[in-house]
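Position in the sequence shown (from 1) plus 2 gives the number in my numbering. Comments concern the structure below.
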Amino acid sequence: MPGSKAAAELAASGALDGLFAKIDSGEIELTGDGGFIPGLIKATLERGLQAELSSHLGYEKGAPEASAVSNSRNGTTPKKVATQSWDIDLAIPRDRDGTFTPTLVPKGSRRLSGLDEMIISLYAGGMTVRDIGHHLASTIGTELSHETISNITDAIAEEILEWQARPLDAFYPVVYLDAIVVKVRDGAHVINKSAHIAVGVDMDGIKHVLGIWIQTSEGAKFWAGVCAELANRGVRDVLIVCCDGLTGLPEAIEATWQHATVQTCVVHLIRASMRFVSYSDRKQVAKALKPMYTASNDKTARDAFAAFQDSIWGKKYPHAVATWESAWERFIPFLAFPPELRRVIYTTNSIESLNYQLRKVTKNRGHFPNDDAVVKLLWLAICNIEDKRARERAKERGKPAAERKAKPRLVEGQVVTNWKQALAQLAIAYPDRINPYL
Numbered sequence: 003m004p005g006s007k008a009a010a011e012l013a014a015s016g017a018l019d020g021l022f023a024k025i026d027s028g029e030i031e032l033t034g035d036g037g038f039i040p041g042l043i044k045a046t047l048e049r050g051l052q053a054e055l056s057s058h059l060g061y062e063k064g065a066p067e068a069s070a071v072s073n074s075r076n077g078t079t080p081k082k083v084a085t086q087s088w089d090i091d092l093a094i095p096r097d098r099d100g101t102f103t104p105t106l107v108p109k110g111s112r113r114l115s116g117l118d119e120m121i122i123s124l125y126a127g128g129m130t131v132r133d134i135g136h137h138l139a140s141t142i143g144t145e146l147s148h149e150t151i152s153n154i155t156d157a158i159a160e161e162i163l164e165w166q167a168r169p170l171d172a173f174y175p176v177v178y179l180d181a182i183v184v185k186v187r188d189g190a191h192v193i194n195k196s197a198h199i200a201v202g203v204d205m206d207g208i209k210h211v212l213g214i215w216i217q218t219s220e221g222a223k224f225w226a227g228v229c230a231e232l233a234n235r236g237v238r239d240v241l242i243v244c245c246d247g248l249t250g251l252p253e254a255i256e257a258t259w260q261h262a263t264v265q266t267c268v269v270h271l272i273r274a275s276m277r278f279v280s281y282s283d284r285k286q287v288a289k290a291l292k293p294m295y296t297a298s299n300d301k302t303a304r305d306a307f308a309a310f311q312d313s314i315w316g317k318k319y320p321h322a323v324a325t326w327e328s329a330w331e332r333f334i335p336f337l338a339f340p341p342e343l344r345r346v347i348y349t350t351n352s353i354e355s356l357n358y359q360l361r362k363v364t365k366n367r368g369h370f371p372n373d374d375a376v377v378k379l380l381w382l383a384i385c386n387i388e389d390k391r392a393r394e395r396a397k398e399r400g401k402p403a404a405e406r407k408a409k410p411r412l413v414e415g416q417v418v419t420n421w422k423q424a425l426a427q428l429a430i431a432y433p434d435r436i437n438p439y440l
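Have a look at this one:
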């Protein structure tokens, strides 16, 4: 970066040797109140403000032509601003007519650019408002009220609303739905709510987070509202919705997209059926269940299910039998597809990976004050995770593939593995619905 390069060149030239000697001896502090870096920022800002005023007046300080200009310099006004290094006391220059409006440190601003971004990044990482306040005070000596920090994070609300209401593609071959449980204050009580996240796969096989919804009501009414919102944002058709047997979702989907198929996530189904299975029996029960979801067709799967019912494990764990039986109609759709497509729609693992990362962020919080606060944090966390991974990949750009250790995209922008083969199978299965978008 240019700044780092300039500093390295100065150090190499020996121009900073005297400064380094004073820092080593303790005569000069590098950071903190009265430190060199805050002092350098102060000197740079005040120099820039004086340059702005000179441009506004039309002459340099002390220039002979100053007497010919009606407006002139009129001293300075003290102002304290918070920076990423420390709080700095600035002398803001002013003019006699009161028409000078600085852009480097705008009027009314008490924080320099960069500090807000730092606060939002800390918030997206899961820190609470109080944690952020303590962190700023103990690390860079900047003390901000809890209200100020909250207002900074709330400033992105408009951006979140714009993202949540952005236009979507008319057609998504596959949509995944999954949820995480969060605690939200409701009046005098704190209750559990589900934050549902939808991920859509477009025609190029690229995944996109379509939206975040907090479930405030149960069943069909909630999902009818979600489907209606997606339709209003431009989604005209969806082929397959993969989810965790959500109550009311099939009815809501059929009301919005009449021909869409609701596929129960097989991994969720297996977990649900193993809920009451003894740990020592899990491997054997899992092995007994496998013939059902690897069957070549519906009839073979039904035969495998009947065999499981009559087996020692089916009789020992009737809950597992009941779980599969109740979910059977929403489990079998993917059995009609070849292996390439089954791998895409049999599980919501891709969105579960995202939710795993989001749970890390939300676990630090006792509860959220409202639903909007949940959406705000989850949206920021998704942006933060993807940005962090992008920076890691950028650092390794140009290295051989075997030496790269940076993680790929989590969800947003990730391409489905072997998508072309899966899309070809979808085109065969749904020619009338998919061909207009090819």
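By construction, the Cβ of each residue, glycine as well, lies at the ideal position given by its N, Cα and C atoms.
DSSP places Val-176 inside the beta strand (DSSP E), whose first and last residues are 173–188. For Pro-410, no pairing in a beta bridge is given by DSSP. Contact check for His-198 and Leu-179: beta-carbon distance about 6 angstroms, within the 8 angstroms limit, so the pair qualifies. Taking the Cα of Val-413 as reference, the smallest distance to any Cα among Asn-76, Gly-202, His-261 and Leu-55 is reached at Gly-202. Exclusion of the five residues before and after Lys-195 leaves Val-183, Val-184, Lys-185, Val-186, Ile-216, Gln-217, Thr-218, Asp-373 and Val-376 as the residues of its chain whose Cβ lies within less than 8 angstroms of its Cβ.
For Arg-96, the enclosing beta strand (DSSP E) stretches over residues 89–97.
Taking a contact as a CB-CB distance under 8 angstroms, the pair Trp-381 and Ile-162 counts as one, their CB atoms being some 5 angstroms apart. With a cutoff of 8 angstroms on beta-carbon distance, Leu-241 and Trp-225 are scored as not near each other.
Under DSSP, the beta-bridge partners assigned to Lys-81 are Leu-92. Cβ contact annotation for Ser-313 (same chain, cutoff 7 angstroms, sequence separation greater than five): Ala-290, in chain order. Spanning the alpha carbons of Ala-68 and Tyr-61 requires a straight line of approximately 6 angstroms.
Under DSSP, Thr-130 shares a beta bridge with no residue.
Taking a contact to require three or more Cβ pairs closer than 8 angstroms, the segment 259–266 and the segment 230–247 qualify as touching. DSSP places Gln-311 within a helical segment (H, G or I) once states are collapsed to three. The residue from Ala-93, Asp-26 and Phe-38 with its alpha-carbon nearest to that of Gln-52 is Ala-93. Proximity to Arg-132 across Ile-151, Ser-123, Ile-122 and Met-120 peaks at Ile-151, based on C-alpha coordinates. About 18 angstroms separates the beta carbons of Leu-343 and Leu-271, which is beyond the 8 angstroms limit, so they are not a contact pair. In this chain, the alpha helix (DSSP H) harbouring Cys-229 covers 222–234.
Close CB contacts of Met-276 within its chain, under the 8 angstroms cut and outside five residues either way in sequence, are with Arg-284, Val-287, Ala-288 and Ala-322 (chain order). Cβ contact annotation for Leu-55 (same chain, cutoff 6 angstroms, sequence separation greater than five): Pro-95 and Phe-102, in chain order. Here Tyr-432 is not near Met-205, since their CB atoms are 8 angstroms or more apart. With respect to the C-alpha of Gly-247, the residue from Cys-267, Arg-235 and Val-346 having the closest C-alpha is Cys-267.
The same chain holds no residue with a CB closer than 7 angstroms to that of Glu-327 once the five nearest residues on each side in sequence are set aside.
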